Amino acid sequence: MEAECSEAAFAPPPYPADTAFMQQPPTGMAPHYPYGPTVYQTYPPVAPGGDFSAPEMNTQASAADGPGSGFGAPVCSVSEFDDKTVRRAFIRKVFSVVTVQLLVTFSVVCVFTFSETVKEAVQDNLWIYLSSYIIFMVVALALTFSSSLSRKHPWNFISLSVVTLSLSYMVGTVASYHNTTAVIIAMGATLVISFSIIIFSAQTRVEFTLWNGVLIVLAVDLLMFGFFTTFYYSNALQVVYGCLGALVYSLFLAIDCQLVMGREKYSLNPEEYIFAALIIYLDIIIIFLYILMLLGGSSKS
Numbered sequence: 001m002e003a004e005c006s007e008a009a010f011a012p013p014p015y016p017a018d019t020a021f022m023q024q025p026p027t028g029m030a031p032h033y034p035y036g037p038t039v040y041q042t043y044p045p046v047a048p049g050g051d052f053s054a055p056e057m058n059t060q061a062s063a064a065d066g067p068g069s070g071f072g073a074p075v076c077s078v079s080e081f082d083d084k085t086v087r088r089a090f091i092r093k094v095f096s097v098v099t100v101q102l103l104v105t106f107s108v109v110c111v112f113t114f115s116e117t118v119k120e121a122v123q124d125n126l127w128i129y130l131s132s133y134i135i136f137m138v139v140a141l142a143l144t145f146s147s148s149l150s151r152k153h154p155w156n157f158i159s160l161s162v163v164t165l166s167l168s169y170m171v172g173t174v175a176s177y178h179n180t181t182a183v184i185i186a187m188g189a190t191l192v193i194s195f196s197i198i199i200f201s202a203q204t205r206v207e208f209t210l211w212n213g214v215l216i217v218l219a220v221d222l223l224m225f226g227f228f229t230t231f232y233y234s235n236a237l238q239v240v241y242g243c244l245g246a247l248v249y250s251l252f253l254a255i256d257c258q259l260v261m262g263r264e265k266y267s268l269n270p271e272e273y274i275f276a277a278l279i280i281y282l283d284i285i286i287i288f289l290y291i292l293m294l295l296g297g298s299s300k301s
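The opening position of the sequence shown corresponds to residue 1 in UniProt numbering, with each subsequent residue numbered one higher.
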């Protein structure tokens, strides 16, 4: 028997799996490791003829795991805005589009304001103003609620061009009823305010996106205030309404700029640069209209 054991101990592989030929732990001492024949099992079980798929590993860290724990590494959710190159290209693209839109709009405003012939033609054909308003609402809502339209080239640029031209005509028509000096002052004040807010939103540590709900409530209140001022019109109320409107939409501009720049936990998708340009452009134009209303009321008073 001893000869057989010694021969089995020095035999070449495969080794025997019988427990009689395996070394036993000392008497009275529990083994620290499983002993006996080793059974190899495929995990997960593979059906005959099936494909092997590796089990998914849970990398979510639990609350009990410490920072130095090797178990449960936190899930790494990488956003496209984490790449500085993607973010900078997105911001450059958005503000380039907004700049072109503002150049088109303010050029139309200047033509409608300085040219007496164009001013008279615009004021005599208000049906074009109403048509441009309908076109603007339809296309702007389509760009806002249809992500496929805002991302599909070249239809996104065509839609944005239609929105820009229709709104430019509307703003130019409104500006034609105001004094030329007031229009120039309103354009200059709008550009200064918008540029200052964009720079401030990029540099400050204050997160304006948390106040989005509060500003929506203020915008609804402002809308109701403007509705009631139509029944009790006065120059003083027009000045107050213009100041409040410019203030509220300046805050909206700060929020939208932080959304574009990917500040804090809120950000826009890098593919939504047309939608981002649209909302910033609308904020700036609405600020211009409220400042124009403010100056118009103050000049009449």
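The beta-carbon is built from N, C-alpha and C at its ideal position, and this holds for glycine as well.
In this text the structure is predicted, and so the values were computed from the model without any measurement.
Item to complete: From the DSSP output, in three-state form, read off Arg205 for me.
Response: Here Arg205 sits in coil by DSSP.
Worksheet entry | Sequence-distant residues of its chain with Cβ nearer than 7 Å to Asp283 (five each side left out) | Tyr249, Phe252, Leu253, Asp256
Discussion item. Could you check whether Ile280 and Val94 sit closer than 8 Å to each other, using their CB atoms as the reference points?
Written reply: yes
Fill in: Sequence-distant residues of the same chain with beta carbon closer than 6 Å to Glu56, five excluded per side
Any reading at Glu56 must be qualified, since the residue scores a pLDDT of 48, below 50, and its modelled position is unreliable; no value is offered.
Practice prompt. Return the residue from the list Leu102, Thr117, Ala89 that minimises the CA-CA distance to Tyr273.
Written response: Ala89
Discussion item. Within 8 Å, do at least three Cβ pairs link the region 130–141 to the region 163–173?
Written reply: yes
Fill in: Cβ pair Gly172, Phe225 closer than 8 Å
no
Practice prompt. State the start and end residues of the unbroken alpha helix (DSSP H) segment that holds Glu116.
Written response: 116–124
Discussion item. Using only CA atoms, which one of Gly296, Glu271, Leu259, Gly245 lies nearest to His153?
Written reply: Glu271
Worksheet item: Near Val229, what residues of its chain come up, given a Cβ to Cβ distance below 8 Å and the 5 sequence neighbours on each side ignored?
Response: As written in the sequence, residue 229 is Thr, which differs from the Val given in the question. For Thr229, where only same-chain residues beyond five positions count, the Cβ hits under 8 Å are Leu237, Gln238, Tyr241.
Worksheet item: What are the boundary residues of the alpha helix (DSSP H) that includes Leu232?
Response: According to the sequence as given, residue 232 is Tyr; it is not Leu. Unbroken run through Tyr232: none, as it is neither H nor E.
Worksheet item: What did DSSP end up calling Lys152 once you bin it into helix, strand or coil?
Response: coil
Worksheet item: What is the DSSP secondary structure of Tyr133, reduced to helix, strand or coil?
Response: helix
Worksheet item: When you compare only the Cα positions, how much space is there between Gly188 and Ser148?
Response: Distance between the alpha carbons of Gly188 and Ser148 is about 36 Å.
Worksheet item: Between Leu223 and Ser150, what straight-line distance do the alpha-carbon atoms span, to the nearest angstrom?
Response: 28 Å
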